[in-house]
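Student:
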Amino acid sequence: MKRVILLGSTGSIGCNAIKVIKQLKNFKIVGIAGYTNHQMLITQAKDIKPKMVTIMDCQYYKNLKKDLGRIQIRCGEQGITDMVENTNADIIICAFASSIGISGIVRAIEKKMRICLATKEILVSFGDIIMDSVKKNGVELLPIDSEHSAIYQCLEGNRGNNVKSIILTASGGPFLNKSIKNVIKSDVLNHPVWKMGAKITVDSATMMNKGLEIIEAHHLFNLPAERINVVIHPEAICHSLVQFVDGTLLAQLSTPDMKLPIQYALTAPKRLYSIVKNLDIAKVKNLTFLPPNLKKFPCLKYAYDALKLGKSMPAVLNAANEETVKLFLEDKLKFSEIPNIIKKVMNKHTPKKGNIDFYLKKEEWSKQMVRSLVC
Ligand SMILES: NC(=O)c1ccc[n+]([C@@H]2O[C@H](COP(=O)([O-])OP(=O)(O)OC[C@H]3O[C@@H](n4cnc5c(N)ncnc54)[C@H](OP(=O)(O)O)[C@@H]3O)[C@@H](O)[C@H]2O)c1
2 MKRVILLGST GSIGCNAIKV IKQLKNFKIV GIAGYTNHQM LITQAKDIKP
52 KMVTIMDCQY YKNLKKDLGR IQIRCGEQGI TDMVENTNAD IIICAFASSI
102 GISGIVRAIE KKMRICLATK EILVSFGDII MDSVKKNGVE LLPIDSEHSA
152 IYQCLEGNRG NNVKSIILTA SGGPFLNKSI KNVIKSDVLN HPVWKMGAKI
202 TVDSATMMNK GLEIIEAHHL FNLPAERINV VIHPEAICHS LVQFVDGTLL
252 AQLSTPDMKL PIQYALTAPK RLYSIVKNLD IAKVKNLTFL PPNLKKFPCL
302 KYAYDALKLG KSMPAVLNAA NEETVKLFLE DKLKFSEIPN IIKKVMNKHT
352 PKKGNIDFYL KKEEWSKQMV RSLVC
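Just so we're aligned: 22 in the numbering used here is position 21 of the sequence shown, and the numbers increase by one with no gaps anywhere.
Here is the structure:
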């Protein structure tokens with residue numbers, strides 16, 4: 002039996018992960034964590050009966066304590082570390098919408114749990130440190146992002162030595178063929194393919210999501226920025242490709258449904274039957290691939306710049322993006338201003354190398370800088 006901790010159980014990936022695990026025979030959820038949605042967390046806990054539950058926002062601790070009788074309740078960052086220390090888990094799924102809980106995740110690596118990673122922000126901000134620890138502890142880190150899962154699958158079987166480049170596919174978001182001037186929140190939150198949380202949906206519309214994925218891919222597959230490319234693929238059926246030195250391209254295709262990469266991250270290298278509808282390739286009429294428009298979507302270029310500059314710059318980019326998206330969702334910033342603010346914050350920063358605490362401080366600086374430029 003594999004015991005699983007699920008961070009971000011109340012989110013889009015978290016709910017899909019619960020559906021996947023319920024139909025897998027040898028997996029059991031022993032810990033769940035949400036951020037603010039205490040009602041959903043209580044409902045999930047009553048259904049799953051994990052050993053421990055953590056709510057990141059401590060103001061809801063009493064609500065959980067009152068409703069969840071014998072289940073152990075924790076709150077805040079320490080709660081994640083406590084779940085890692087006390088549930089005897091084999092696997093941790095990281096699916097918060099930001100890198101909160103990072104110290105618990107670092108502890109999970111030290112305890113040699115399999116890390117199933119949806120939260121790309123963790124690798125964007127702390128990639129070098131996390132990957133060093135993953136290597137040192139001989140830990141398996143499996144991506145849940147569909148693009149990185151696709152590349153991981155294309156590289157299985159020692160194909161990694163002969164890679165020329167990797168090609169991340171991007172659906173292009175809601176504004177692929179539309180102007181981004183004067184868009185309103187409902188246009189931005191209306192993704193044509195994927196139903197996801199608000200933050201990643203805004204990131205998809207600015208294409209910062211693909212930018213963050215470029216940095217994530219750099220850490221996962223140990224490739225420089227020049228060997229990580231992006232193509233627009235509106236059908237979202239080909240989830241990414243690897244080009245080898247002889248010119249051969251390998252790709253992974255499937256129905257666009259996050260339950261598949263979640264399941265593979267849990268069961269790899271085993272493939273098990275899944276609840277996802279199989280793709281009927283004969284019914285796929287078009288598979289389109291186009292170059293990205295960096296002028297219209299400058300966030301992609303800023304992510305390449307941050308990756309090349311390295312050190313603390315990706316953390317600053319990540320936090321500036323997180324804060325601008327938050328302000329946009331609170332109607333305090335126009336969608337079209339997001340890239341410009343991020344660029345201004347990056348221009349004010351001199352990247353330096355440091356530990357996780359140092360990068361967290363730089364993230365906080367970056368968020369404050371965004372607020373000072375907007376408010
Ligand atoms: N959704 C997808 O299809 C998809 C695909 C690929 C990768 N990812 C990645 O997976 C991660 C989760 O995405 P999602 O779509 O599942 O997100 P989501 O639905 O917005 O939320 C995920 C979890 O994060 C919590 N959360 C909300 N605000 C937060 C904050 N400011 N800081 C930390 N956590 C917060 C939510 O808690 P409460 O609801 O309890 O407040 C929820 O448990 C992201 O890093 C995303 O990039 C998602």
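Ideal Cβ positions, reconstructed from N, Cα and C, are used throughout, including at glycine.
Please tell me whether, using a cut-off of 6 Å, the distance from the CB of F97 to the nearest non-hydrogen atom of ligand 1 is below it.
Tutor: Indeed, a heavy atom of ligand 1 lies less than 6 Å from the Cβ.
Student: Where does E157 land, buried or exposed, given buried means 16+ other C-beta within 10 angstroms?
Tutor: Exposed: under 16 other Cβ atoms inside 10 Å.
Student: Less than 6 Å between the CB of T37 and some heavy atom of ligand 1, yes or no?
Tutor: Yes, ligand 1 has a heavy atom inside 6 Å of this Cβ.
Student: Look at the Cβ atom of V21, then the Cβ atom of K271, and state whether they are nearer than 7 Å.
Tutor: The answer is no: Cβ separation not under 7 Å.
Student: Report all residues from its chain with a CB closer than 6 Å to the CB of E141; omit the five preceding and five following residues, and keep chain order.
Tutor: Once the five neighbours on either side are set aside, the close Cβ partners of E141 are R115.
Student: Shorter than 6 Å, the distance from the beta carbon of G77 to the closest heavy atom of ligand 1, or not?
Tutor: The answer is no for G77.
Student: Would you check whether ligand 1 has a heavy atom nearer than 6 Å to the C-beta of K260?
Tutor: Not under cutoff, so the answer is no.
Student: Exposed or buried, what is Q264 when buried is set at 16 or more other beta-carbons lying within 10 Å of its beta-carbon?
Tutor: Q264 should be labelled buried.
Student: Under a three-way DSSP split, which group does M209 fall into?
Tutor: Helix.
Student: When DSSP labels each residue in this structure, what does V277 get in the three-state scheme?
Tutor: Note: V277 maps to coil in three-state DSSP.
Student: Since Q253 sits in a beta bridge, which residues does DSSP pair it with?
Tutor: BP columns for Q253 point to S241.
Student: Should D146 be listed as close to ligand 1, given that the test is whether its C-beta is under 6 Å from any heavy atom?
Tutor: D146 Cβ: within cutoff of ligand 1.
Student: Cβ-heavy atom distance between K121 and ligand 1 below 6 Å?
Tutor: At least one heavy atom of ligand 1 is nearer than 6 Å to the Cβ of K121, so yes.
Student: Shortest alpha-carbon distance to I74 belongs to which of I94, K50, D91, F97?
Tutor: Checking every option, the nearest Cα to that of I74 belongs to K50.
Student: According to DSSP, what are the bridge partners of R4?
Tutor: Per DSSP, K29.
Student: May I have a chain-ordered list of the beta strand (DSSP E) segments no shorter than 3 residues that lie completely inside the segment 123-156?
Tutor: The segment 123-156 contains these whole beta strand (DSSP E) runs: 142-144.
Student: Could you tell me which residues DSSP pairs with N163 in its beta bridges?
Tutor: Bridge partners of N163: none, in fact.
Student: By DSSP's criteria, A171 is part of a beta bridge. Which residues make up the other side?
Tutor: Bridge partners of A171: I233.
Student: Check C376 in the structure and name its three-state DSSP category.
Tutor: Here C376 sits in coil by DSSP.
Student: On the three-pair Cβ rule with 8 Å, is the segment 241-259 touching the segment 296-315?
Tutor: Taking 8 Å as the limit for Cβ pairs, the verdict is that the segment 296-315 does not touch the segment 241-259.
Student: Should S150 be labelled buried (16 or more other beta-carbon atoms within 10 Å of its own) or exposed?
Tutor: Buried, since its Cβ has 16 or more Cβ neighbours within 10 Å.
Student: Taking 7 Å as the threshold (C-beta atoms), are I229 and I238 in contact?
Tutor: Contact flag unset, no.
Student: Measuring only the C-alpha atoms, how far is S99 from G9?
Tutor: When rounded, the distance between both Cα atoms is 10 Å.
Student: Per DSSP, C76 is paired with what?
Tutor: Answer is I56.
Student: For the alpha helix (DSSP H) containing R108, name the first residue and the last one.
Tutor: 103-111 is the span of the alpha helix (DSSP H), which, as asked, contains R108.
Student: Can we say the segment 118-131 touches the segment 86-97, given the rule of at least three CB pairs closer than 8 Å?
Tutor: Judged by Cβ distances under 8 Å, the segment 118-131 makes contact with the segment 86-97, as three or more pairs qualify.
Student: Distance check for E324 and N38, CA to CA, integer angstroms please.
Tutor: Near 20 Å, if we compare the C-alpha coordinates of E324 and N38.
Student: Buried or exposed: F176, going by 16 or more other Cβ atoms within 10 Å of its Cβ?
Tutor: F176 is buried by the Cβ-count criterion.
Student: Verify whether the separation of the beta carbon atoms of M314 and V346 is less than 7 Å.
Tutor: Going by C-beta atoms, M314 is not nearer than 7 Å to V346.
Student: Near F147, which residues of its chain fall below 6 Å by C-beta distance, leaving aside the five closest residues on each side in sequence?
Tutor: Before going further, note that residue 147 is Ser rather than Phe in the sequence given. Excluding residues within five positions, the ones whose Cβ falls inside 6 Å are H240, P262.
Student: Tell me which residue opens and which closes the alpha helix (DSSP H) that L383 is part of.
Tutor: The requested residue 383 does not occur in the structure, where the chain is confined to residues 2 to 376.
Student: Tell me, please, whether the segment 101-111 touches the segment 73-93 by the rule of three or more beta-carbon pairs shorter than 8 Å.
Tutor: Yes, they touch.
Student: Is G80 near ligand 1, judged by its Cβ being under 6 Å from some heavy atom?
Tutor: G80: no, Cβ never under 6 Å from ligand 1.
Student: For I116, report the span of its beta strand (DSSP E) as first-last.
Tutor: Taken as a continuous stretch (DSSP letters only), the beta strand (DSSP E) holding I116 covers 115-118.
Student: Using C-beta distances below 8 Å, list every residue in its chain close to L334, excluding the 5 sequence neighbours before and after it, in chain order.
Tutor: The answer, listed in chain order, is T325, L328, I342, V375.
Student: Quick check on F336: buried or exposed, where buried means 16 or more other Cβ atoms within 10 Å of its Cβ?
Tutor: It is buried - the Cβ of F336 has at least 16 other Cβ atoms within 10 Å.
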